[in-house]
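Colleague:
In the UniProt record's numbering, the protein residues as written are 1 to 231.
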């Protein structure tokens, strides 16, 4: 994929999100603006309670904003039906969480096949793509292993493969290395970075690991409900 003229894969414009709290209102996002380009990795570094997960959920169409617009590629999503939001989320957005959420009764390969088959890909094609992704992430010899037979780092790499199985535009990761030791976290992050470079997807990774954050293309934080660039 050419990166000579990268496009915005994700764009948040004037996002507001507030929650009722007792008799008052807790404002989490206050007109937040945020753009991520194709092939770009962005670290979201902010203390707990500042709205990192809320921002990721809104960006991934898991949660509705109170005002503003979320663009996935060129598509504005605020006025879409739940069914259409679900379709875009299934096709264009991948998620990785701190806990891998793999299905324990299925092998690594089957876990990566499932989202593709849900989308309608034939089993044979889904199996081949799952094998290619897992091999790319260094798990070519672990295809038939179930999650309980894999290490923590291997489980997270399977989760990453599953998240990108449908070739999304955007990958959203919420503390994906939070449960891992430093060496394993470094290995998983390297795998994630390779995928971003190879596929041109846009990645937003919430992390407390400043060493990993420094290796991404950009770093941002949340201050008073705004997304702020860090040097």
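Beta carbons: idealized from backbone N, C-alpha and C, even for Gly.
Quick one: Cα of residue 3 to Cα of residue 199, how far?
Modeller: Looking up residue 3 in the chain shown gives position 3. Looking up residue 199 in the chain shown gives position 199. In this prediction, residue 3 has a pLDDT of 45, which is less than 50 and means its spatial position is unreliable; what the coordinates show is noted afterwards. Rounded to the nearest angstrom, the two C-alpha atoms are 10 angstroms apart.
Colleague: Return the CA-CA distance between residue 165 and residue 172, expressed in angstroms with no decimal places.
Modeller: As a position in the chain shown, residue 165 is number 165, starting the count at 1. As a position in the chain shown, residue 172 is number 172, starting the count at 1. In a straight line, the C-alpha of residue 165 is about 14 angstroms away from that of residue 172.
Colleague: Please name the residue in 110, 89 and 159 whose C-alpha comes closest to that of residue 10.
Modeller: In the chain shown, the residue the question calls residue 10 occupies position 10. Selected option, being the one with the closest Cα: 89.
Colleague: In or out: residue 229 buried (at least 16 other Cβ within 10 Å) or exposed?
Modeller: To locate residue 229, count along the chain shown from 1; it is residue 229. With fewer than 16 Cβ atoms within 10 Å of its Cβ, residue 229 is classed as exposed.
Colleague: Going by the CB atoms, is the gap between residue 155 and residue 147 shorter than 8 angstroms?
Modeller: Residue numbering aside, residue 147 sits at position 147 when the chain shown is read from its first letter. Residue numbering aside, residue 155 sits at position 155 when the chain shown is read from its first letter. Going by C-beta atoms, residue 147 is nearer than 8 angstroms to residue 155.
Colleague: Any idea what DSSP makes of residue 37, helix, strand or coil?
Modeller: Here residue 37 is taken as the residue at index 37 of the chain shown, counted from 1. Correct three-state label for residue 37: strand.
Colleague: Measuring straight from C-alpha to C-alpha, what distance separates residue 159 and residue 29?
Modeller: For the purposes of this step, residue 159 is taken as residue 159 along the chain shown, with counting starting at 1. For the purposes of this step, residue 29 is taken as residue 29 along the chain shown, with counting starting at 1. Each residue's alpha carbon lies about 29 angstroms from the other.
Colleague: If you draw a straight line from the C-alpha of residue 149 to the C-alpha of residue 76, how long is it?
Modeller: Stepping through the chain shown from its first residue, residue 149 is reached at position 149. Stepping through the chain shown from its first residue, residue 76 is reached at position 76. For residue 149 and residue 76, the distance between alpha carbons rounds to 42 angstroms.
Colleague: Which class does residue 11 belong to by DSSP, given the choice of helix, strand or coil?
Modeller: Numbered from its first residue, the chain shown carries residue 11 at position 11. Reduced to three states, the DSSP call for residue 11 is strand.
Colleague: Note the first and the last residue of the continuous alpha helix (DSSP H) segment covering residue 86.
Modeller: Along the chain shown, read from residue 1 onward, the residue named residue 86 stands at position 86. Segment 82-92, the alpha helix (DSSP H) holding residue 86.
Colleague: Whole angstroms is fine: what's the gap from residue 157's alpha carbon to residue 41's?
Modeller: Mapped onto the chain shown, residue 157 falls at position 157. Mapped onto the chain shown, residue 41 falls at position 41. Rounded to the nearest angstrom, the two C-alpha atoms are 17 angstroms apart.
Colleague: If the criterion is Cβ atoms closer than 8 angstroms, does the pair residue 46 and residue 205 meet it?
Modeller: As a first step, residue 46 is located in the chain shown; it is residue number 46 there, counting from the start. As a first step, residue 205 is located in the chain shown; it is residue number 205 there, counting from the start. Not closer than 8 angstroms, so no.
Colleague: Hey, would you say residue 33 sits closer than 8 angstroms to residue 62, going by beta carbons?
Modeller: Here the question's residue 33 lines up with position 33 in the chain shown. Here the question's residue 62 lines up with position 62 in the chain shown. Taking 8 angstroms as the Cβ cut-off, residue 33 and residue 62 do not qualify as a contacting pair.
Colleague: Could you compute how far the alpha carbon of residue 85 sits from the alpha carbon of residue 68?
Modeller: In the chain shown, counting from the first residue as 1, residue 85 sits at position 85. In the chain shown, counting from the first residue as 1, residue 68 sits at position 68. Going from the Cα of residue 85 to the Cα of residue 68 covers about 16 angstroms.
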